[in-house]
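Below you'll find the structure, written out as structure tokens, and then a few comments.
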Amino acid sequence: MRTDDFWAVIDRATADRPASPAEVAERAVAELASRDPEEIVAWGRHLDKVMAASGTEDLWAAAYLINSGADEAGFDAFRGWLIAHGRKAVAAAVQKPDVLANVVVIKEAADTGAVFEAEEVLGIAARAYEEATGQPLPAEDQPPHRPPVADLWDFDNEDEMRRRLPRLSALFLEPPD
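Given below as structure tokens:
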């Protein structure tokens with residue numbers, strides 16, 4: 001599956017009106033379930049590629065800061081939320097995670113404590129495949145990519161967080177003494 005074809009499914013799921021990640025997932029499942037099972041598998045494999053490409057430690061740090069913590073599953077769910085916002089959002093956040101400080105709902109989360117996760121987006125291919133075939137999606141050979149935990153910098157180090165993610169830190173961390 002081509003990258004454009006993968007993102008076209010997400011784009012159509014967000015067309016017409018803004019949608020929550022859960023609505024994006026529902027619409028994408030409905031579209032994919034009408035396709036050949038091979039296309040659904042290919043879409044799921046491309047999702048794995050997007051997850052691998054977005055598995056950077058600085059994006060993980062941004063998720064950790066924004067969501068007041070993010071273990072491996074939380075980081076995956078955060079990226080699901082990000083994917084539901086489309087190709088440009090993912091590309092910008094991967095390139096420079098601090099741009100997330102410009103997103104209105106994230107700015108508001110500094111006051112509200114909202115958490116940004118969408119596991120349902122990560123399950124689009126599995127749900128679509130099961131709806132289309134009545135069978136579970138075949139197991140993937142490669143697990144989702146994430147940096148080895150031992151290699152991550154200490155996300156609780158506020159000085160390092162301020163250095164790497166200054167705008168997000170200004171929103172979510174107390175000012176230094």
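Numbering-wise, the UniProt record's numbering puts 11 at position 11 of the sequence shown, and it's gapless, one number per residue. Glycine included, each C-beta is placed from N, C-alpha and C at the ideal position.
Under the 8 Å Cβ criterion, the segment 106-113 does not count as touching the segment 4-23, having fewer than three qualifying pairs. Ala63 is positioned such that its CB atom lies closer than 8 Å to that of Phe75. Within the segment 75-160, the runs of alpha helix (DSSP H) at least 4 residues long that lie entirely inside it are, in chain order, 87-95, 104-112, 119-122 and 124-133.
Taking the Cα positions, Asp159 is about 10 Å away from Leu173.
Distance from the CA atom of Ile10 to the CA atom of Asp4, rounded to whole angstroms, is 10 Å. The alpha-carbon of Leu171 is positioned some 9 Å away from that of Ile66. A contact is defined here as three or more CB-CB pairs under 8 Å, and the segment 19-27 fails this definition with respect to the segment 47-60. Annotation for Thr14: the continuous alpha helix (DSSP H) segment containing it runs Thr3 to Thr14. Here DSSP, grouped into helix, strand and coil, assigns Leu173 to coil. Between the segment 122-130 and the segment 39-54 there are three or more inter-stretch CB-CB distances shorter than 8 Å, so the stretches are counted as touching.
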